[in-house]
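Protein chains in written order, with the numbering used here: chain A, 17 to 242; chain B, 1118 to 1292.
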């Protein structure tokens, strides 16, 4: 994805610059921006290191694990059909807490584990799309028609479970409370009050997340009826 | 709306106080632990240096070519009625696909308009309340080998739209 975006930006810039006769400006911009990226990283390094240091303390002190337990009622509300002890719950909790605290590096691995666990949950529920098939890429297609008797479909057309949809929509609605990176960028570009956006950002995040919750709950209910 | 800013100002000190205090009371070696985390943080930043160079150069070139001005001239009259400065339009679109490419555009807005301008505040809030829709979906669904994503995209776009509208209101209250 980024390959296409990056290439288009560079190519359009040079073509359009040739058209408007601004090649000199583009040269300067390219060189200045490269230097600017480094000075930005120096500011960011300080803020990110500070945040990660604090989070390491929070994690060692058991604060993050405690938070994960606190959101259990929320998980039960959002994912009522995941059994209590199922690993999917744990991964989802870790992912959500890491998101809330802005620990980008810790979100994705837990999130991917959560998706795998949700896929296993579907298999445990007997959803034919998720039942493990012996991986046999060469003859797979031919065998499915004979063995599954036409009811099962191959792994290529798995439908997302309701839990997966809810989990992803929640994730994309953004859960991060303190926008650490934005604060760092703002301070680098001379904001008189880099942290002024914290409360507005929390309010906006709550609104987008609430929208996500209402939508998912609505869909869940609709799903049961139909 | 000074109150929003003032309240924001105390969040970080309180958080630091709470975490360090809690850690100390729970007998964590707070300082050594902090150093370990900070070291990890530096590694994370070191990893994104090349990304930032690549993207800031691309966005810088694009702006110098006059492309953004042209785009703004086209879109400005339409979007400004909705409280969205034309500068933000490329950001809104790119953000759906890649958060690092979006970061390049964010920094460009900060440089040209300043982080405390209306456009700067709106950008700050907007980037804090939404995530990269298509990237997250493709990575996560790949892990579960799911191809039919059902209502995920609708829900994600709805949440993003709600966050955008909220950001416009909040940023207006701040200036």
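Every residue gets a Cβ at the ideal spot worked out from N, C-alpha and C, and that includes glycine.
In chain order, what residues of the region 1174-1185 of chain B put their CB closer than 9 Å to some CB of chain A? 1174, 1175, 1176, 1177, 1178, 1179, 1180, 1181, 1182, 1183 and 1184
Determine whether the beta carbon atoms of residue 1170 of chain B and residue 211 of chain A lie at a separation below 8 Å. no
For residue 1290 of chain B, which option in A:178, A:181, A:197 and A:220 has the closest C-alpha, if you only look at C-alpha atoms? Comparing Cα positions, the closest option is A:220.
Proximity to residue 191 of chain A [Cα-Cα], best of A:113, A:202 and A:209: Residue A:113 is the option with its Cα nearest to residue 191 of chain A.
Taking the alpha helix (DSSP H) that residue 143 of chain A falls in, what are its first and last residues? Run containing residue 143 of chain A: none; DSSP gives neither H nor E here.
Answer with yes or no whether the minimum CB distance from residue 19 of chain A to chain B is below 8 Å. no
Closer than 8 Å, CB to CB, is residue 235 of chain A near chain C or not? Although the question refers to chain C, the structure presented lacks it and instead comprises the protein chains A and B.
Chain A residues whose Cβ lies nearer than 8 Å to that of residue 1209 of chain B: Going along chain A, no residue has its Cβ under 8 Å from residue 1209 of chain B, so there is no contact; the nearest lies around 14 Å.
Residue 1202 of chain B CB to nearest chain A CB: under 8 Å? no
Does chain B have any CB closer than 8 Å to the CB of residue 33 of chain A? yes
Based on the DSSP output, what are the partners of residue 1265 of chain B in its beta bridges? A:175
For my contact list, residue 1162 of chain B and residue 73 of chain A are in at a C-beta cut-off of 8 Å; report their separation, rounded to the angstrom. Actually they are not in contact, since the Cβ atoms of residue 1162 of chain B and residue 73 of chain A sit about 19 Å apart, beyond 8 Å.
For residue 49 of chain A, which of B:1253, B:1267 and B:1221 has the nearest alpha-carbon? That would be B:1221, whose Cα lies nearest to the Cα of residue 49 of chain A.
Identify the continuous alpha helix (DSSP H) that holds residue 1148 of chain B and give its terminal residues. First-last of the alpha helix (DSSP H) with residue 1148 of chain B: 1147-1181.
The alpha helix (DSSP H) with residue 1197 of chain B in it runs from where to where? 1184-1197
Examine chain B for any beta-carbon lying closer than 8 Å to the beta-carbon of residue 64 of chain A, and answer yes or no. yes
When Cβ atoms are compared, which residues of the region 1223-1244 of chain B fall closer than 8 Å to chain A? 1223, 1224, 1227, 1228, 1231, 1232, 1233, 1237, 1238, 1241, 1242, 1243 and 1244
For chain B, is any of its Cβ atoms less than 8 Å away from the one on residue 69 of chain A? yes
Within its chain, find whatever has a CB closer than 7 Å to the CB of residue 1223 of chain B; leave out the 5 residues flanking it on each side and keep chain order. 1208, 1240 and 1244
Any heavy atom of the ligand SAH within a distance shorter than 7 Å of the CB on residue 174 of chain A? Judged by which ligands are present, the structure shown has none, so any question about the ligand SAH falls away.
Tell me whether residue 86 of chain A is buried or exposed, calling it buried when 16 or more other Cβ atoms sit within 10 Å of its Cβ. exposed
If you reduce the DSSP assignment to three classes, tell me which class residue 1203 of chain B lands in. coil
Could you tell me which chain A residues have their CB closer than 9 Å to the CB of residue 1291 of chain B, listed as they occur along the chain? 212, 213 and 216
Taking only three categories from DSSP, how would you classify residue 190 of chain A? coil
Taking 6 Å as the limit between beta carbons, can you name the residues of its chain near residue 1141 of chain B, skipping five residues before and five after? 1147
Could you list which residues in chain B have their beta carbon closer than 7 Å to that of residue 127 of chain A, in chain order? 1257
Residue 1195 of chain B at chain A interface by Cβ criterion, 8 Å: No, residue 1195 of chain B does not count as interfacial toward chain A.
Look at the Cβ atom of residue 1172 of chain B, then the Cβ atom of residue 1217 of chain B, and state whether they are nearer than 8 Å. yes
With a threshold of 8 Å, are at least 3 pairs of Cβ atoms found where one atom belongs to the region 179-198 of chain A and the other to the region 32-46 of chain A? no
What's the gap between the Cα of residue 1299 of chain B and the Cα of residue 46 of chain A? Because chain B here runs from 1118 to 1292, residue 1299 of chain B falls outside it and cannot be looked at.
Alpha carbon to alpha carbon, how far is residue 1198 of chain B from residue 102 of chain A? Give it in angstroms, no decimals. 49 Å
Report the rounded CA-to-CA distance for residue 197 of chain A versus residue 142 of chain A, giving the unit in angstroms. Each residue's alpha carbon lies about 43 Å from the other.
Is residue 139 of chain A close to chain B? Criterion is C-beta to C-beta, closer than 8 Å. no
Which chain A residues sit within Cβ distance under 9 Å of residue 1280 of chain B? Chain A residues near residue 1280 of chain B: 189, 190, 220, 221, 223, 224, 225 and 227.
Output yes if chain A places a C-beta closer than 8 Å to the C-beta of residue 1206 of chain B; else output no. no
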